[in-house]
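This report concerns only the one structure given below.
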Amino acid sequence: MKKLALMIFFLGITSTGFCQLKSRSFEEVDSLQQIQKKKIVVFIHTDWCQFCQRMKNTTFKNEEIIEDLNSNFYFIDFNAEEKRNITFNDQTFKYQPSGNNVGVHELALQLGTMNNQIVYPVLCVLNEKNEIILQYSNYLNAKDFKLVLEKLKE
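FYI, in this note's numbering the residues of the sequence shown are 430 to 583.
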């Protein structure tokens with residue numbers, strides 16, 4: 430009976446524990462970069478964006494992608510309409526209201542603006558010095574996202 434309970438316990442850990450995507454905060458990544466330098470993958474999204482939600486429910490649930498992101502990058506899942514102040518790279522960014530219960534975070538604009546606009550979802554990759562090395566504004570399926578990650582590891 431003990432062996433059966435242990436086996437169920439370990440199967441539970443391997444089926445759920447290792448398949449979880451570790452999402453960090455900007456503040457955490459600032460600290461982690463002091464310990465181990467890695468590229469940062471920032472997924473900028475909103476709650477109302479259908480393609481953002483689709484990526485969250487498909488691309489970011491893919492086991493290979495989860496393993497690759499957890500092992501080789503710092504991943505930040507960032508809602509562009511986040512209202513709290515965020516300190517990152519020795520700078521404080523704030524939510525900018527633009528109407529009645531509508532607005533966007535300054536950091537989302539800083540990382541996600543391309544051609545003077547931000548279109549969700551946005552994938553922004555920063556190098557170890559927190560410099561933008563890639564911005565991509567469109568839905569990425571798991572296959573295409575894997576290719577992006579492979580290129581980033583080169």
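Idealized CB from N, CA, C, for every residue including glycine. For clarity, every value in this text was computed on a predicted model and none was experimentally measured.
- Looking from the CA of Gly532, the closest CA among Ile561, Ala509, Leu498 belongs to Ala509.
- The Cβ atoms of Lys468 and Leu461 lie no closer than 9 Å to each other.
- In the DSSP annotation of this structure, the continuous segment of the alpha helix (DSSP H) that includes Asn501 starts and ends at 492-501.
- Pairing Met543 with Gln449, the inter-Cα distance amounts to about 30 Å.
- The Cβ atoms of Leu540 and Gln520 lie no closer than 9 Å to each other.
- For Val458, no beta strand (DSSP E) run applies; the uninterrupted alpha helix (DSSP H) run containing it begins and ends at 455-464, by DSSP.
- Of the residues assessed, Thr488 falls on the buried side of the cut-off, its CB having 16 or more other CB atoms within 10 angstroms.
- Scanning its chain for C-beta atoms nearer than 6 Å, with the 5 sequence neighbours on each side dropped, one finds around Asp506 the residues Ser452, Phe472, in chain order.
- CA-CA distance, Glu583 to Leu576, rounds to 11 Å.
- The alpha helix (DSSP H) runs of length 4 or more contained entirely in the segment 491-565 are, from start to end of the chain, 492-501, 535-541.
- Our two residues, Phe480 and Leu536, have alpha carbons roughly 21 Å apart in a direct line.
- Leu569 is positioned such that its CB atom lies no closer than 9 Å to that of Leu581.
- Within the same chain, Tyr568 come within 8 Å of Arg483 by CB-CB distance, once the 5 residues on both sides are set aside.
- Annotated three-state conformation of Lys582 is helix, per DSSP.
- Around the CB of Ile464, fewer than 16 other CB atoms lie within 10 Å, so the residue is classed as exposed.
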